[in-house]
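Here the sequence shown is numbered in this note's numbering, starting from 18 and rising by one per residue.
No residue lacks a Cβ here, since even glycine has one placed at the ideal position from N, Cα and C.
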Amino acid sequence: EKGYKIPRGGLFEYVSGANFAAEILEWIGFMVATGFSLPGFSFALCTACNLGPRAVSHHKWYKEKFQEDYPKRRKALIPFVW
């Protein structure tokens with residue numbers, strides 16, 4: 018089947034950028050695992066600054082593309098918040 022569909026399942030029930038949120042969480046975990054080192058913090062921060070705006074852009078695109086069919090309570094990156 019061709020065409021775009023609304024993502025469903027798992028974290029996608031809460032946010033449009035579930036893949037982005039998971040990657041940011043992974044780098045936060047790396048930062049914690051390295052004892053809050055400067056490199057760990059840098060990777061987490063740079064990843065969040067890179068993927069955060071992408072998640073917002075994807076969320077906006079989904080809302081424009083699917084309009085009334087897109088879940089109203091779904092956020093861009095952080096469940097129930099943003």
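query: Just tell me which of E85, Y79, F83, D86 has its CA closest to the CA of A93.; result: Y79
query: Here's the rule I'm using: 16 or more other beta-carbon atoms within 10 Å means buried, otherwise exposed. How should G26 be labelled?; result: exposed
query: Among all the DSSP beta bridges, which residues are the ones paired with K92?; result: V32
query: Leaving out five residues before and five after L48 in sequence, what residues of the same chain have Cβ atoms less than 8 angstroms from its Cβ?; result: It is worth fixing the name first, because residue 48 is Met in this sequence and not Leu. Around M48: S54, G57, F58, F60, A61.
query: Just to check my reading of the structure: Y31 and P96 have Cβ atoms closer than 8 angstroms, yes? What is that Cβ distance to the nearest angstrom?; result: 4 angstroms
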